[in-house]
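Right, one structure below, let's go through it.
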Amino acid sequence: MTNSKIWLSSPHMGGGEQKFVQEAFDTNWVAPLGPNVTGFEQDLAQYIKGDIHVAALSSGTAALHLGLILLGVTSGDEVICQSFTFSASANPILYQGAIPVFVDSEPETWNICPIALEEAIVDRIAKGKKPKAIIAVHLYGMPFQVEAISAIAHRYEIPILEDSAEALGSTFKGKKCGTFGTFGVLSFNGNKIITTSGGGALVAPTKELKEKAVFFATQSRDPAPHYQHSEIGYNYRMSNICAGIGRGQMEVLAAHVALRRSMHDFYVDYFANIDGVAVFCEPNTDYCSNHWLTALVVDPYKTNGKTREDLRLALEQVDIESRPLWKPMHLQPLFERYPYYGGTVAEHLFENGLCLPSGSNLEECDRIRLQEALDGFF
Ligand SMILES: *Cc1c(COP(=O)(O)O)cnc(C)c1O
Numbered sequence: 047m048t049n050s051k052i053w054l055s056s057p058h059m060g061g062g063e064q065k066f067v068q069e070a071f072d073t074n075w076v077a078p079l080g081p082n083v084t085g086f087e088q089d090l091a092q093y094i095k096g097d098i099h100v101a102a103l104s105s106g107t108a109a110l111h112l113g114l115i116l117l118g119v120t121s122g123d124e125v126i127c128q129s130f131t132f133s134a135s136a137n138p139i140l141y142q143g144a145i146p147v148f149v150d151s152e153p154e155t156w157n158i159c160p161i162a163l164e165e166a167i168v169d170r171i172a173k174g175k176k177p178k179a180i181i182a183v184h185l186y187g188m189p190f191q192v193e194a195i196s197a198i199a200h201r202y203e204i205p206i207l208e209d210s211a212e213a214l215g216s217t218f219k220g221k222k223c224g225t226f227g228t229f230g231v232l233s234f235n236g237n238k239i240i241t242t243s244g245g246g247a248l249v250a251p252t253k254e255l256k257e258k259a260v261f262f263a264t265q266s267r268d269p270a271p272h273y274q275h276s277e278i279g280y281n282y283r284m285s286n287i288c289a290g291i292g293r294g295q296m297e298v299l300a301a302h303v304a305l306r307r308s309m310h311d312f313y314v315d316y317f318a319n320i321d322g323v324a325v326f327c328e329p330n331t332d333y334c335s336n337h338w339l340t341a342l343v344v345d346p347y348k349t350n351g352k353t354r355e356d357l358r359l360a361l362e363q364v365d366i367e368s369r370p371l372w373k374p375m376h377l378q379p380l381f382e383r384y385p386y387y388g389g390t391v392a393e394h395l396f397e398n399g400l401c402l403p404s405g406s407n408l409e410e411c412d413r414i415r416l417q418e419a420l421d422g423f424f
């Protein structure tokens, strides 16, 4: 037990999941629709609150793709995307044959920088093409600068596709992430704050748009007794089995957010006395992160030359998983030929940042092991 690996973020079952999955078997709802799908969507809508409608899908990536389709993004269009993110934020732009335009982060929330965003919009318009959408991300659960980014989006009348895949349970001024864009995206992959083993959801502003998302997600079948199609369809709906796991996970979501935040407190306390290590925290009380992953930045000039890579390798030696921050999209071989606006904020974070084990299932003995490993290194 004591020598088992400490993971960055692993699935954490609450106990109620199997009852919903069993129910699906008992009633033979083993299909990409059924009472668990409807129930999970209702649970999510109730949790997120506001005038929103949730479509449960096969993944967060599918939700991003359908979000772009519903915003009318097609071949040749330009879509602005936060560069500092996971590739799943940007790939669906290419699925649509559209062109990603990447924008740097700001150092407060590590998310899309309002100054670089406006510069990008103005320049793209001057070059003859107004961007069709803005993909803004709440990275590591930290809300982006909601007011500044929304104000720019309004001014230029460009919709926001809000990638809230890492931020279920995070809030800005008391309002839940997932509600700030025209569409919001959630993920229930195995490493996220709750999991359905794999899954996602699109948060839509109206019942009609939610139904349109479900239409696309179920092969775009026109109303007819035979199979009739006039639009491209996708197989993106969540299964009733996965949704059963999701319903069980919803019973423990609030507790899991509290546990992740307590893991973050543990690191904040630990690093308070260590020079050259800054734990990523909310800029002020308007922000509340679910702290999906606790991240930190190492300044080797203040740690006697110790780098984040030295720390990562030292932790690996004792079977503790940690990981560099996301490599910015504009530095990825797949995306480096696309336009980029901003400076080196994201690049600096990638070079000096590290994510530490943050799961809601970490126990006291894990914290002791972490503390010993960190003591040994610093
Ligand atoms: C996990 C993640 C996604 C994709 O979600 P999947 O459910 O894995 O497809 C998208 N964006 C971000 C920022 C993520 O972390």
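My numbering numbers the first residue of the sequence shown as 47 and each following residue consecutively. Quick reminder that beta carbons are idealized off the backbone N, C-alpha and C, glycines included.
> At what residues does the alpha helix (DSSP H) containing C288 begin and finish?
Replying inline: Walking along the sequence shown from the start, residue 288 turns up at place 242. That run of the alpha helix (DSSP H) goes N286 to M296.
> Among G118, G80, P146 and I98, which residue has its Cα nearest to the Cα of E382?
Replying inline: Taking the sequence shown and counting its residues from 1, one reaches residue 382 at position 336. When only C-alpha atoms are compared, the closest one is P146.
> Does the count of Cβ pairs from the segment 220-234 and the segment 260-269 closer than 8 Å reach three?
Replying inline: no
>> Can you check which of these residues, E154, A263 and L402, is closest to L359 by C-alpha distance?
In response: Here residue 359 corresponds to residue number 313 of the sequence shown, with the count starting at 1. Ranking E154, A263 and L402 by Cα distance to L359 puts L402 first.
>> Contact defined as beta carbons within less than 8 Å: I believe G399 pairs with L342. What is the distance between those atoms, to the nearest angstrom?
In response: Taking the sequence shown and counting its residues from 1, one reaches residue 399 at position 353. Taking the sequence shown and counting its residues from 1, one reaches residue 342 at position 296. Contact holds; Cβ gap of about 7 Å.
> What are the boundary residues of the alpha helix (DSSP H) that V391 is part of?
Replying inline: Indexing the sequence shown from 1 puts residue 391 at position 345. The continuous alpha helix (DSSP H) containing V391 extends over residues V391 to N398.
> CA-CA distance, V231 and S135?
Replying inline: In the sequence shown, the residue the question calls residue 231 occupies position 185. In the sequence shown, the residue the question calls residue 135 occupies position 89. Taking the CA atoms as reference points, V231 sits about 10 Å from S135.
> Is F130 near ligand 1, with its Cβ less than 7 Å from a heavy atom?
Replying inline: Locating residue 130 in the sequence shown gives position 84, counting from the first residue. Incorrect: F130 has no Cβ contact closer than 7 Å to ligand 1.
> Where DSSP assigns a beta bridge to G230, which residues make up the other side?
Replying inline: Counting from 1 along the sequence shown, the entry for residue 230 is found at position 184. According to DSSP, G230 bridges with E208 and V249.
> What's the C-alpha gap between G80 and N286?
Replying inline: Position 34 of the sequence shown holds residue 80. Position 240 of the sequence shown holds residue 286. For G80 and N286, the distance between alpha carbons rounds to 5 Å.
> Span of the alpha helix (DSSP H) holding C411?
Replying inline: Mapped onto the sequence shown, residue 411 falls at position 365. Start and end: E410 to F423.
> Just to confirm, does I278 get its C-beta within under 7 Å of one of the non-hydrogen atoms of ligand 2?
Replying inline: As presented, the structure is devoid of ligand 2, carrying ligand 1 as its sole ligands.
>> Measuring CB atoms only, is the segment 324-341 touching the segment 204-218, in the sense that at least three cross pairs come out at less than 8 Å?
In response: yes
> To the nearest whole angstrom, what separates the beta carbons of S55 and N237, a pair I think is in contact under 8 Å?
Replying inline: Along the sequence shown, one-based indexing puts residue 55 at 9. Along the sequence shown, one-based indexing puts residue 237 at 191. Indeed, because the Cβ distance is near 4 Å, the residues count as touching under 8 Å.
>> Please report the straight-line C-alpha distance between I414 and E277, rounded to a whole angstrom.
In response: In the sequence shown, residue 414 corresponds to position 368, counting from 1. In the sequence shown, residue 277 corresponds to position 231, counting from 1. Just so you know, the alpha carbons of I414 and E277 end up roughly 56 Å apart.
>> For chain C, check one thing: does any of its Cβ atoms lie closer than 8 Å to the Cβ of A70?
In response: The structure shown contains no chain C, having only a single protein chain.
>> Can you tell me whether Q274 is buried or exposed? The criterion is at least 16 other CB atoms within 10 Å of its CB, across all chains shown.
In response: Within the sequence shown, the letter at position 228 stands for residue 274. Burial call: exposed.
> Taking all protein chains shown into account, do 16 or more other C-beta atoms lie within 10 angstroms of the C-beta of H310, making it buried, or fewer, making it exposed?
Replying inline: The residue given as residue 310 occupies position 264 in the sequence shown. Around the beta carbon of H310, 16 or more other beta carbons lie within 10 angstroms, which makes this residue buried.
> Hey, how far is the Cα of F86 from the Cα of F234?
Replying inline: Working through the sequence shown from its first residue, we reach residue 86 at position 40. Working through the sequence shown from its first residue, we reach residue 234 at position 188. Straight-line Cα distance between these residues: approximately 12 Å.
>> Taking the alpha helix (DSSP H) that I94 belongs to, which residues open and close that run?
In response: Translated into positions along the sequence shown, residue 94 becomes position 48. Looking at the DSSP string, the run of the alpha helix (DSSP H) that includes I94 is P81 to I94.
>> If you follow the alpha helix (DSSP H) that F66 is in, where does it begin and where does it stop?
In response: Translated into positions along the sequence shown, residue 66 becomes position 20. Its alpha helix (DSSP H) spans residues E63 to D72.
> Any idea what DSSP makes of M47, helix, strand or coil?
Replying inline: By one-based count along the sequence shown, residue 47 stands at place 1. Per-residue confidence for M47 stands at a pLDDT of 44, beneath the threshold of 50, marking its modelled position as unreliable; the derived number appears in the next sentence. Judged by DSSP in its simplified three-state form, M47 adopts coil rather than helix or strand.
>> Give me the DSSP bridge partner(s) of K222.
In response: Reading the sequence shown from its first residue, position 176 is the one you call residue 222. Its beta-bridge partners are T217.
>> Quick test of your reading: F66 and R283, contact by CB under 8 Å. State the CB separation rounded to the nearest angstrom.
In response: Counting from 1 along the sequence shown, the entry for residue 66 is found at position 20. Counting from 1 along the sequence shown, the entry for residue 283 is found at position 237. Not really, about 17 Å apart at Cβ, beyond 8 Å.
> If we ignore side chains and look at the alpha-carbon of each, how far apart do A70 and G290 end up?
Replying inline: If you number the sequence shown from 1, residue 70 lands on position 24. If you number the sequence shown from 1, residue 290 lands on position 244. Taking C-alpha positions only, A70 is separated from G290 by approximately 7 Å.
> From what residue to what residue does the alpha helix (DSSP H) around T340 run?
Replying inline: Here residue 340 is taken as the residue at index 294 of the sequence shown, counted from 1. In the DSSP assignment, T340 falls outside any alpha helix (DSSP H) and lies within the beta strand (DSSP E) extending over T340 to V344.
> beta strand (DSSP E) containing F148: first to last residue?
Replying inline: Within the sequence shown, the letter at position 102 stands for residue 148. Note, F148: beta strand (DSSP E), I145 to V149.
>> Between S243 and ligand 1, is there a pair consisting of the residue's CB and a ligand heavy atom that are separated by less than 7 Å?
In response: Position 197 of the sequence shown holds residue 243. Because no heavy atom of ligand 1 lies under 7 Å away, the Cβ of S243 does not count as near it: no.
> By a C-beta neighbour count over all protein chains shown, 10 Å radius and 16 as the cutoff for buried, is E124 buried or exposed?
Replying inline: For the purposes of this step, residue 124 is identified with residue 78 of the sequence shown, where counting begins at 1. E124 should be labelled buried.
> Quick one, which of L299, Y93, A304 and F312 has its alpha-carbon nearest G61's?
Replying inline: Position 15 of the sequence shown, counted from the first residue, corresponds to residue 61. That would be L299, whose Cα lies nearest to the Cα of G61.
>> Taking contact to mean 3 or more Cβ pairs, one atom from each stretch, closer than 8 Å, check whether the segment 108-119 and the segment 168-177 are in contact.
In response: Output reads no: the segment 168-177 does not touch the segment 108-119.
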